[in-house]
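Taking it in order: structure first as structure tokens, then the write-up.
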Amino acid sequence: MEILPAIDLKQGCAVRLSKGEMQSAKIYSKDPCELAKKFEDLGAKWLHLVDLDGAFAGEAVNFKAIERIVKSTRLRVEVGGGIRDEARIKQYLSLGVDRFILGSAALKNPDFVRRMAKLYRIVVGIDAKNGLVATEGWAELSRVKATDLARDYADAGVCAIICTDISRDGMLSGVNVEFSRSIAKACGIDTIASGGVKDMNDIITLKNAGLIAGVIVGKAYYEGTLDLKKAFEAL
12 MEILPAIDLK QGCAVRLSKG EMQSAKIYSK DPCELAKKFE DLGAKWLHLV
62 DLDGAFAGEA VNFKAIERIV KSTRLRVEVG GGIRDEARIK QYLSLGVDRF
112 ILGSAALKNP DFVRRMAKLY RIVVGIDAKN GLVATEGWAE LSRVKATDLA
162 RDYADAGVCA IICTDISRDG MLSGVNVEFS RSIAKACGID TIASGGVKDM
212 NDIITLKNAG LIAGVIVGKA YYEGTLDLKK AFEAL
């Protein structure tokens with residue numbers, strides 16, 4: 012199971028939100044590049060990057076910050092937030108980004124996602140409130156079940172699915188293991204759990220639960236409830 016440290020970008024700073032609410036943003040670093048270098052030093056192989064401004068604007072608002080991070084580390088990087096067309100994927104690809112996270116598009120434009128999955132390393136982001144898919148930076152709630160959307164992409168050629176329980180995201184309330192497993196069972200492909208990770212117990216529980224290929228760690232590191240170096244060593 013892979014641990015992917017997360018950097019959420021808002022106006023060029025590394026922030027964390029509570030339950031995906033932009034007004035709850037807390038700045039943890041004004042130099043996200045140095046933060047990425049620290050994750051690399053601690054043992055990270057992957058970095059999960061989200062352009063929060065881009066998720067709402069539908070464009071690469073924090074492109075320069077992402078460019079600096081990719082070019083300053085050896086980390087494999089996946090990027091999400093505001094990717095709506097192939098031109099944006101190509102733009103990130105030119106920087107050296109490894110994987111591209113499509114969230115809103117996965118629900119609203121599945122033909123596009125399937126087409127991109129044949130050309131690039133695509134990750135589908137499924138963010139859910141009470142089991143229903145949320146889009147547009149989590150501002151819009153659909154009537155589609157997260158497990159049904161996951162099942163739709165079982166044969167699409169995407170390389171992974173990231174599932175986030177929005178109600179737990181940034182709350183340090185413990186990861187939703189059953190939700191994560193239900194997504195993994197529905198799609199049958201690599202599933203990365205996100206939202207609510209608090210400490211080493213969450214990491215161990217997810218690993219022992221099986222089916223989960225990775226876990227995204229954000230606030231637990233920033234607030235000091237998880238020793239990331241020990242977590243990497245444990246896995």
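Under the working numbering, the first residue of the sequence shown carries the number 12, and numbering increases by one thereafter. Ideal Cβ positions, reconstructed from N, Cα and C, are used throughout, including at glycine.
Segment limits, alpha helix (DSSP H) that includes residue i
i: I80; result: 74 to 83
i: R110; result: Taken as a continuous stretch (DSSP letters only), R110 belongs to no alpha helix (DSSP H), being part of the beta strand (DSSP E) at 110 to 113.
i: C198; result: 188 to 198
i: C44; result: 43 to 53
i: A128; result: 121 to 128
DSSP-derived helix/strand/coil call for residue i
i: S8; result: No information on residue 8 is available, as it lies outside the stretch 12 to 246 that the chain covers here.
i: T216; result: helix
i: R87; result: strand
i: G136; result: strand
i: A224; result: strand
i: E13; result: strand
i: S178; result: coil
i: L237; result: coil
Minimum C-alpha distance to residue i - residue among the options
i: E78; options: A242, F50, L222, C44; result: C44
i: R179; options: E32, A165, K21, D19; result: E32
i: R192; options: M182, T146, S184, R162; result: R162
i: V135; options: F74, Q22, V90, K241; result: V90
i: F190; options: V61, G23, L53, G142; result: G142
i: D159; options: I137, G23, F243; result: I137
i: C24; options: F67, A167, K75, G54; result: K75
i: R110; options: L118, N212, G92, P121; result: G92
Residue i: first and last residue of the uninterrupted beta strand (DSSP E) it sits in
i: T156; result: The sequence given here has Lys at residue 156, not Thr. Start and end: 151 to 156.
i: L60; result: 57 to 62
i: L143; result: 143 to 146
i: I203; result: 202 to 205
Proximity test, residue i beta-carbon vs the ligand FAD heavy atom, cut-off 7 Å
i: F67; result: Absence of the ligand FAD from the depicted structure is noted, as is the absence of any ligand whatsoever, leaving it without description.
Short Cβ contact (8 Å threshold) for residue i with residue j
i: A195; j: I223; result: yes
i: A47; j: L58; result: yes
i: L20; j: G225; result: no
i: R99; j: A71; result: yes
i: K140; j: I112; result: no
i: R87; j: K37; result: no
i: C198; j: A220; result: no
i: A167; j: R132; result: no
i: R95; j: G69; result: yes
*asked:* Under 8 Å, with one C-beta from each stretch per pair, do the region 167 to 178 and the region 197 to 204 reach the 3-pair mark?
replied: yes
*Segment contact, 8 Å Cβ cut-off, at least three pairs: the region 155 to 162 with the region 207 to 217*: no
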